[in-house]
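For the sequence shown, our numbering gives the first residue as 74, with consecutive numbering after it.
Note sheet for the following structure.
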Amino acid sequence: MSTALRDRDQATVGIVSLGLLTVVTLLAFFANDLPLIGGGTTYSARFTESAGLAAGDEVEVAGVKVGEVTDVRLDGDRVLVHFRVEDVRVGDRSRVSIQIKTLLGAKNLALRPDGRDEQDPDETIPAARTEVPFDIPDALDQLTRTTEQVDSDQLGRSFEVLAESLRGSPQHLGGAVDGLSALSRTIASRDQELAELLHNAADVSEVAADRDEQVARLIRDGNLLLSELQNRREAISSLLRGTQAVSGQLRGLIADNQERLNPAMRELEQVTSMLQRNQDDIAATIAALEPYVTGFNNTVGNGRWFDGYLCGLLPPTVSAGPLQINPDGCDLSRPQPGPGGGP
């Protein structure tokens, strides 16, 4: 008779569950390294130098990605590179080379399958069948150091001696030698500038190599933008077609109503001309309306009613007991405007 899970020892159940969860997690992370279900076959190759290759770089056959580099380590005075490939037959004469993927120094591993028999994964591909790339920054640096070691004055004197020795030669050879002599003098006079140029070129190469990740990210973002534009191409095309159709409708509308629009525009021009001619009169009218507008605003400004009084309805001498009505009379003088134009 089986025992229910809740009746078992909970500590044992927890330990077993934790162990199973750990095993499943490890299988998920290292599934590619398992011999039966792992993806592809792992090989190793020995190089004279790493040339900037790193784990995670792509492995390509004829420009197509077939795997990736899994490990790069030092093996004596050589570099041992481990890489994994899928769906590729690697022969016993296959060659492997480190190549420059971008101008900024990104590398990849190029595999050229060859050979009648299969390459044994346990045997390392020797350095005789591997190649390393030509590194531009290192080459420029070496060229700079070599140029700095050249004695430009001695080189110029050597060319002058050669030109002097061949001065009695035929005319065409003499012209070539004279040109060579002029070239030597030019090189000697521009020695410092050439050295600075090569040094600056090496600095530019180093800066470009240092900014490799940023430039690569910029290119990837540009690719994303182009991809999104490609995906939205139909929507953009529909928008452009709709805009073109609206433009055509507007042109047709204007053409159909041209006879009615012209008189309306002429009348509008006449009205604006009349307003411009009477601009001073309009300004004077507005200024004359100012006292009326001010008094009207004071009358209706307290609410939805007219607030005012009638002065002089009864004579000033009329009084009712202690209450006197307007004993001082009415002041009918207009308030004088203040300095700011107000009352």
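Every residue, glycine too, gets a C-beta built ideally from N, C-alpha and C.
**OP:** Can you grab the Cα-Cα spacing for the pair Gln343 / Thr367, in whole Å?
**Re:** 33 angstroms
Original post:
By a C-beta neighbour count over all protein chains shown, 10 Å radius and 16 as the cutoff for buried, is Thr217 buried or exposed?
Top reply: buried
**OP:** Take the Cβ of Asn181 as the centre, count every other Cβ of all protein chains shown within 10 Å, and call the residue buried at 16 or more, exposed below.
**Re:** buried
**OP:** Report the residue from Asp148, Ala282, Gln172, Tyr116 whose alpha carbon sits nearest the alpha carbon of Val158.
**Re:** Tyr116
**OP:** Put Thr203 into one of helix, strand or coil per three-state DSSP.
**Re:** strand
Subject >> CA nearest to the CA of Glu221, picked from Leu267, Thr98, Val161 >> reply: Leu267
**OP:** Put Thr114 into one of helix, strand or coil per three-state DSSP.
**Re:** strand
**OP:** Report back the beta-carbon spacing between Leu177 and Ala282 to the nearest angstrom; my notes put them in contact at under 8 angstroms.
**Re:** 6 angstroms
**OP:** Using three-state DSSP, classify Gly325 as helix, strand or coil.
**Re:** helix
Original post:
With 16 other CB atoms within 10 Å as the buried threshold, where does Thr203 fall?
Top reply: buried
**OP:** Please name the residue in Val277, Glu141, Val280, Ser231 whose C-alpha comes closest to that of Leu256.
**Re:** Ser231
Original post:
Between the beta-carbon of Val132 and the beta-carbon of Glu141, is there less than 7 angstroms?
Top reply: yes
Original post:
Among residues of its own chain, excluding the 5 on either side of Gly188, which ones have a beta-carbon nearer than 7 angstroms to its beta-carbon?
Top reply: Gly164, Asp165, Arg166, Ser167
**OP:** Determine the DSSP secondary structure at Glu279, reduced to helix, strand or coil.
**Re:** helix
**OP:** Specify, as a first and last residue, the run of the alpha helix (DSSP H) that Gly368 falls within.
**Re:** 352-373
Original post:
Contact check, Val134 vs Pro186 under 8 angstroms by CB: the rounded distance?
Top reply: 7 angstroms
Subject >> Where the beta strand (DSSP E) containing Ala183 begins and where it ends >> reply: 180-185
Subject >> CA nearest to the CA of Lys138, picked from Val145, Asp144, Gly129 >> reply: Gly129
**OP:** Just mark Phe156 as buried or exposed, buried being the case when its beta carbon has 16 or more other beta carbons within 10 Å.
**Re:** buried
Subject >> Three-way DSSP call (helix, strand, coil) for Gln192 in this model >> reply: coil
Original post:
Short check: CB of Asp214 to CB of Ala275, under 7 angstroms?
Top reply: yes
Original post:
DSSP state of Ser225, grouped into three classes?
Top reply: helix
Subject >> Residues sharing a beta bridge with Ser167, DSSP >> reply: Paired residues: none, contrary to the question.
Original post:
Rounded C-beta distance between Thr197 and Ala118? I'm assuming under 8 angstroms.
Top reply: 7 angstroms
Original post:
Cα separation between Val223 and Asn273?
Top reply: 18 angstroms
Subject >> Rounded separation between Asn304 and Gln317 - CA only >> reply: 22 angstroms
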